[in-house]
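Shown next, in C-alpha coordinates, is the structure this report addresses.
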Amino acid sequence: MAVSHRYRTPLKDVRGLGSAKEGTHHFIVQRLTAIALVVLACWFLYFVIDLMQADYLTASDAVAKPWNATLLIAFLVAMFWHAQLGMQVIIEDYVHSHGVALFFQVVVRFVCILGALASAFAVVLIALGN
(Lines of atoms letter the chains of each structure in order from A and count residues from 1; the text may use other names and numbers.)
(Lines give C-alpha, C1' and ligand atoms only; values in the text may rest on other atoms or scores of the structure.)
Protein backbone atom coordinates (compact mmCIF):
# COMPACT_ATOMS: atom_id res chain seq x y z
CA MET A 1 0.00 0.00 0.00
CA ALA A 2 1.63 3.21 -1.15
CA VAL A 3 0.88 6.19 0.99
CA SER A 4 1.79 9.53 -0.49
CA HIS A 5 2.75 12.02 2.14
CA ARG A 6 2.36 15.64 1.42
CA TYR A 7 4.79 17.83 3.27
CA ARG A 8 3.29 21.12 2.16
CA THR A 9 0.77 22.74 4.42
CA PRO A 10 -2.29 24.51 3.01
CA LEU A 11 -0.71 27.82 4.01
CA LYS A 12 2.37 27.05 1.91
CA ASP A 13 0.12 26.42 -1.11
CA VAL A 14 -1.39 29.90 -1.00
CA ARG A 15 1.65 32.00 -0.10
CA GLY A 16 2.50 34.50 -2.80
CA LEU A 17 -0.96 34.46 -4.38
CA GLY A 18 -1.77 37.95 -3.18
CA SER A 19 -3.21 39.68 -0.19
CA ALA A 20 -6.71 38.95 1.00
CA LYS A 21 -7.14 42.55 2.12
CA GLU A 22 -8.05 44.11 -1.24
CA GLY A 23 -11.15 42.09 -2.07
CA THR A 24 -13.30 43.60 0.64
CA HIS A 25 -12.44 47.15 -0.36
CA HIS A 26 -13.19 46.38 -4.00
CA PHE A 27 -16.51 44.76 -3.04
CA ILE A 28 -17.56 47.74 -0.89
CA VAL A 29 -16.61 50.33 -3.51
CA GLN A 30 -18.45 48.41 -6.22
CA ARG A 31 -21.58 48.25 -4.07
CA LEU A 32 -21.36 51.94 -3.15
CA THR A 33 -21.03 52.98 -6.79
CA ALA A 34 -23.99 50.74 -7.62
CA ILE A 35 -26.13 52.43 -4.95
CA ALA A 36 -25.02 55.85 -6.18
CA LEU A 37 -25.88 54.84 -9.74
CA VAL A 38 -29.39 53.74 -8.75
CA VAL A 39 -30.10 57.15 -7.24
CA LEU A 40 -28.34 59.13 -9.96
CA ALA A 41 -29.87 57.07 -12.77
CA CYS A 42 -33.35 57.85 -11.45
CA TRP A 43 -32.49 61.55 -11.48
CA PHE A 44 -30.90 61.22 -14.95
CA LEU A 45 -33.97 59.50 -16.40
CA TYR A 46 -36.23 62.20 -14.98
CA PHE A 47 -33.85 64.87 -16.35
CA VAL A 48 -33.72 63.35 -19.85
CA ILE A 49 -37.47 62.68 -20.04
CA ASP A 50 -38.11 66.26 -18.98
CA LEU A 51 -35.87 67.48 -21.83
CA MET A 52 -37.24 65.20 -24.57
CA GLN A 53 -39.31 67.92 -26.26
CA ALA A 54 -36.81 70.72 -25.52
CA ASP A 55 -34.68 72.44 -28.12
CA TYR A 56 -30.88 72.71 -27.93
CA LEU A 57 -30.80 76.01 -26.06
CA THR A 58 -33.27 74.85 -23.43
CA ALA A 59 -31.34 71.62 -22.93
CA SER A 60 -27.99 73.40 -22.64
CA ASP A 61 -29.52 75.89 -20.19
CA ALA A 62 -30.80 72.98 -18.10
CA VAL A 63 -27.35 71.33 -18.08
CA ALA A 64 -25.75 74.69 -17.22
CA LYS A 65 -27.64 74.93 -13.93
CA PRO A 66 -25.14 74.19 -11.14
CA TRP A 67 -27.28 71.51 -9.48
CA ASN A 68 -27.85 69.63 -12.74
CA ALA A 69 -24.21 69.94 -13.85
CA THR A 70 -22.99 68.61 -10.50
CA LEU A 71 -25.37 65.66 -10.55
CA LEU A 72 -24.53 64.91 -14.18
CA ILE A 73 -20.79 64.87 -13.45
CA ALA A 74 -21.40 62.69 -10.38
CA PHE A 75 -23.44 60.28 -12.53
CA LEU A 76 -20.72 60.10 -15.19
CA VAL A 77 -17.88 59.58 -12.70
CA ALA A 78 -19.82 56.89 -10.79
CA MET A 79 -20.75 55.17 -14.06
CA PHE A 80 -17.18 54.99 -15.37
CA TRP A 81 -15.80 53.99 -11.96
CA HIS A 82 -18.37 51.21 -11.60
CA ALA A 83 -17.69 50.04 -15.16
CA GLN A 84 -13.95 49.88 -14.47
CA LEU A 85 -14.50 47.88 -11.28
CA GLY A 86 -16.80 45.45 -13.07
CA MET A 87 -14.43 44.96 -15.99
CA GLN A 88 -11.58 44.41 -13.53
CA VAL A 89 -13.46 41.51 -11.95
CA ILE A 90 -14.29 40.02 -15.35
CA ILE A 91 -10.65 40.23 -16.47
CA GLU A 92 -9.40 38.73 -13.20
CA ASP A 93 -11.87 35.85 -13.48
CA TYR A 94 -11.58 34.96 -17.17
CA VAL A 95 -8.14 36.02 -18.43
CA HIS A 96 -5.61 33.52 -17.15
CA SER A 97 -2.41 34.87 -18.69
CA HIS A 98 -0.84 37.41 -16.33
CA GLY A 99 0.62 39.59 -19.09
CA VAL A 100 -2.60 39.73 -21.11
CA ALA A 101 -4.64 40.40 -17.96
CA LEU A 102 -2.33 43.26 -16.98
CA PHE A 103 -2.57 44.72 -20.50
CA PHE A 104 -6.37 44.63 -20.45
CA GLN A 105 -6.50 46.08 -16.92
CA VAL A 106 -4.39 49.04 -18.03
CA VAL A 107 -6.45 49.54 -21.19
CA VAL A 108 -9.77 49.39 -19.32
CA ARG A 109 -8.56 51.81 -16.64
CA PHE A 110 -7.20 54.21 -19.28
CA VAL A 111 -10.43 54.13 -21.30
CA CYS A 112 -12.57 54.69 -18.21
CA ILE A 113 -10.45 57.58 -16.95
CA LEU A 114 -10.39 59.14 -20.41
CA GLY A 115 -14.15 58.72 -20.77
CA ALA A 116 -14.85 60.22 -17.35
CA LEU A 117 -12.55 63.19 -17.98
CA ALA A 118 -13.95 63.86 -21.45
CA SER A 119 -17.53 63.62 -20.20
CA ALA A 120 -16.91 65.87 -17.21
CA PHE A 121 -15.07 68.35 -19.45
CA ALA A 122 -18.03 68.45 -21.85
CA VAL A 123 -20.46 69.13 -18.99
CA VAL A 124 -18.20 71.89 -17.64
CA LEU A 125 -17.99 73.49 -21.10
CA ILE A 126 -21.77 73.47 -21.40
CA ALA A 127 -22.15 74.78 -17.85
CA LEU A 128 -19.74 77.65 -18.51
CA GLY A 129 -21.56 78.56 -21.69
CA ASN A 130 -18.96 77.62 -24.32
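Counted from 1, the sequence shown has number 32 at position 44 by my numbering; the numbering is strictly sequential.
Backbone N, C-alpha and C fix where the C-beta goes; we use that ideal spot for every residue, glycine too.
{"Asked": "Cβ neighbour criterion (16 or more within 10 Å) applied to CYS30", "Found": "exposed"}
{"Asked": "Where ALA47 sits in the DSSP three-state scheme", "Found": "helix"}
{"Asked": "VAL120, buried or exposed, once every other Cβ within 10 Å from all chains shown has been counted against 16", "Found": "Shown here, the chain extends from -11 to 118; a query on residue 120 therefore has no answer."}
{"Asked": "Nearest candidate by alpha-carbon position, reference ARG97, set SER85, VAL65, ILE61", "Found": "VAL65"}
{"Asked": "N- and C-terminal bounds of the alpha helix (DSSP H) containing GLY117", "Found": "Element bounds for GLY117: n/a, residue is neither H nor E."}
{"Asked": "Neighbour-count burial assignment, MET67, 16 or more Cβ in a 10 Å radius", "Found": "buried"}
{"Asked": "Burial state of TRP55 (16 or more Cβ within 10 Å)", "Found": "exposed"}
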